[in-house]
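Comments concern the structure below.
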Amino acid sequence: MDKIISGKNIGLTDEGFLKDFAQWDKDIADALAAENQIVLTPRHWEVLTYIQNEFKNDVPLSIRKIGKSGIVDIKEFYQLFPVAPLKTATKIAGIPKPVSCI
Amino acid sequence: MEDKGQIKKMMIIQSKATLENVYACFVLANGARMEGIEAEIFFTFFGLEAIHNKKLDHLHVATVGNPAMHMPTLLGGLPGMEALATSMMKKEMEKIDMPDVREFIEILSASGVKLWACKLAMDMFHYNREDMIEELDGILTVGDFYKQGAGEGTHMLFI
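Chains as they are written, first to last, in my numbering: chain A, 1 to 102; chain B, 103 to 261.
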């Protein structure tokens, strides 16, 4: 499934995750955030950058890992991305959907 | 908005405190929140041990009456078998990044899962609010819990 996001043709999975991180940029993040009723603040960006770094280092993401990251605690993570935080944050960050159940 | 019968809230009744049942409950509740679904847990009868401050760190796997353990019932009943099976299971859980019971409760509470204790069972076991975890949201009657579950897309689960 392809979709025009911030003027670019982007390949997405059925669930709306970017197929190729190389297509990601900050404008696309803003557009994906808006689709999820989120306006990205510097605090959001700290979390998104952390998530992208973990992905680049092949570290599997989970809610527990986020809570232990030292970047954000679980409560604030849910405040920043209120609905399905890990899914929403990874989607905005342009990385694949995490497979973790915890 | 189109509904499609989506699950919006999971109301889980936790009546047991064997480790495998508590984990099942916690993973289901946490998994709901991770999908944007609300979740509440009502701890009743032996389930209360999972939120009792002095007991929750010492929950055990059931080695008797559990055919999937592939352990003869007589052997499962020997002293120390439950502790052995429990420590083996805890090691495996740590490997897959599963938090222990206390940390899991903190995660659930921080994720917005409501944790309730059953009033009748609290009275029966002579437990007080101070005996229970700080994260407890309150002590409810069954009627109160049903009221909490009001709304479309609510599902109830008994463990």
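No residue lacks a Cβ here, since even glycine has one placed at the ideal position from N, Cα and C.
What is the residue span of the alpha helix (DSSP H) that residue i lies within?
i, result
"Glu208 (chain B)", "203-212"
"Leu32 (chain A)", "26-35"
I need the boundaries of the beta strand (DSSP E) containing residue i, first residue and last residue.
i, result
"Ile198 (chain B)", "Here Ile198 (chain B) belongs to no beta strand (DSSP E), and DSSP marks it neither H nor E."
"Leu121 (chain B)", "Note, Leu121 (chain B): premise wrong, no beta strand (DSSP E); alpha helix (DSSP H) at 121-136."
"Ala141 (chain B)", "140-145"
"Gly240 (chain B)", "240-242"
Quick check on DSSP: helix, strand or coil for residue i?
i, result
"Phe81 (chain A)", "coil"
"Thr175 (chain B)", "helix"
"Glu254 (chain B)", "coil"
"Asn53 (chain A)", "helix"
"Leu217 (chain B)", "strand"
"Ile153 (chain B)", "helix"
"Asp225 (chain B)", "helix"
"Gly11 (chain A)", "strand"
"Leu180 (chain B)", "coil"
"Phe17 (chain A)", "coil"
"Lys65 (chain A)", "helix"
"Lys111 (chain B)", "strand"
"Lys3 (chain A)", "strand"
"Leu48 (chain A)", "helix"
"Leu40 (chain A)", "coil"
"Glu161 (chain B)", "In the sequence on display, residue 161 (chain B) carries Leu and not Glu. Three-state result, Leu161 (chain B): coil."
In angstroms, rounded to a whole number, what distance separates the CA positions of residue i and residue j?
i, j, result
"Tyr125 (chain B)", "Val203 (chain B)", "8 Å"
"Asp25 (chain A)", "Ser6 (chain A)", "10 Å"
"Leu80 (chain A)", "Met173 (chain B)", "47 Å"
"Arg135 (chain B)", "Lys97 (chain A)", "16 Å"
"Ala187 (chain B)", "Leu150 (chain B)", "22 Å"
"Ile109 (chain B)", "Leu177 (chain B)", "42 Å"
"Phe145 (chain B)", "His257 (chain B)", "16 Å"
"Met1 (chain A)", "Ala252 (chain B)", "38 Å"
"Thr161 (chain A)", "Pro181 (chain B)", "No answer is possible for residue 161 (chain A): the residues shown for chain A start at 1 and end at 102."
"Ile92 (chain A)", "Gln37 (chain A)", "12 Å"
"Tyr248 (chain B)", "Met112 (chain B)", "12 Å"
"His44 (chain A)", "Gly214 (chain B)", "19 Å"
"Ile95 (chain A)", "Ile139 (chain B)", "22 Å"
"Asn123 (chain B)", "Glu142 (chain B)", "16 Å"
Let's test the definition: count the other Cβ atoms within 10 Å of the Cβ of residue i and tell me whether it reaches 16, buried, or not, exposed.
i, result
"Cys101 (chain A)", "exposed"
"Phe21 (chain A)", "exposed"
"Ile198 (chain B)", "exposed"
"Pro169 (chain B)", "exposed"
"Thr175 (chain B)", "exposed"
"Met226 (chain B)", "exposed"
"Val59 (chain A)", "exposed"
"Thr90 (chain A)", "buried"
"Asn132 (chain B)", "buried"
"Pro201 (chain B)", "buried"
In chain order, what residues of the same chain have a beta carbon less than 7 Å from the beta carbon of residue i, not counting five sequence neighbours either side?
i, result
"Met234 (chain B)", "Ile153, His154, Asn155, Ala219"
"Phe147 (chain B)", "Ser117, Ala223"
"Glu54 (chain A)", "Leu61"
"Ser211 (chain B)", "Leu217, Glu237"
"Leu121 (chain B)", "Leu161, His162, Val163, Thr188, Met191"
"Phe128 (chain B)", "Phe206, Leu210"
Sorted by chain position, which residues of the same chain lie with C-beta nearer than 8 Å to residue i's C-beta, five sequence neighbours on each side aside?
i, result
"Gly107 (chain B)", "Gly255"
"Tyr78 (chain A)", "Pro85"
"Leu242 (chain B)", "Phe144, Trp218, Ala219, Cys220, Lys221, Gln250"
Return the chain-ordered list of same chain residues with a C-beta closer than 6 Å to the C-beta of residue i, the five sequence neighbours on each side being excluded.
i, result
"Val72 (chain A)", "Val47"
"Ala31 (chain A)", "Ile5, Ser6"
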